[in-house]
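A short worksheet on the structure shown next.
In this note's numbering, the protein residues as written are 28 to 148.
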């Protein structure tokens, strides 16, 4: 097997699941769709992807192979998934606190209903 593919195999195999999680993160909630949110989402997804790749490579290179040859890939999968989810969870709560909440507070201050704009908390 190609050395680059072997080093990143866990990330490659989890790529469809990461893509599904990324789409769900990107789409929900539907409002606000501001440039600030777009930039934050792009930065969050980029950071999560880089963290997953770095965790995959670190795990493969540092796993103990005395038990079985598959152990580096198992460890890489678990650590990579944890890194991706950790970054996305932090991004979700930061986005909710610093982007979504001020948007909804602004709507309430102007007397507009969040449900009328399609915004969700």
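Note that the Cβ used here is the ideal one computed from N, Cα and C, for glycine as well.
Worksheet item: Would you call the stretch 68-76 and the stretch 112-129 touching, i.e. three or more CB-CB distances under 8 Å?
Response: Contact between the stretch 68-76 and the stretch 112-129 is present, because at least three Cβ pairs lie under 8 Å.
Fill in: The alpha helix (DSSP H) enclosing residue 92, as first and last residue numbers
Careful: residue 92 lies outside any alpha helix (DSSP H) and carries neither H nor E.
Worksheet item: What residue from 85, 108 and 112 has the CA that sits closest to residue 99's CA?
Response: 85
Worksheet item: Any idea what DSSP makes of residue 108, helix, strand or coil?
Response: helix
Worksheet item: Exposed or buried, residue 42, counting other C-beta atoms within 10 Å across all chains shown (16 or more means buried)?
Response: By the 16-neighbour rule on beta-carbons within 10 angstroms, residue 42 is exposed.
Discussion item. Quick check: residue 75 and residue 111, are their CB atoms within less than 8 Å of each other?
Written reply: Going by beta carbons, residue 75 and residue 111 fall inside the 8 Å limit.
Discussion item. For residue 125 and residue 59, I'd like the C-alpha separation in whole angstroms.
Written reply: Spanning the two alpha carbons is a distance of roughly 12 Å.
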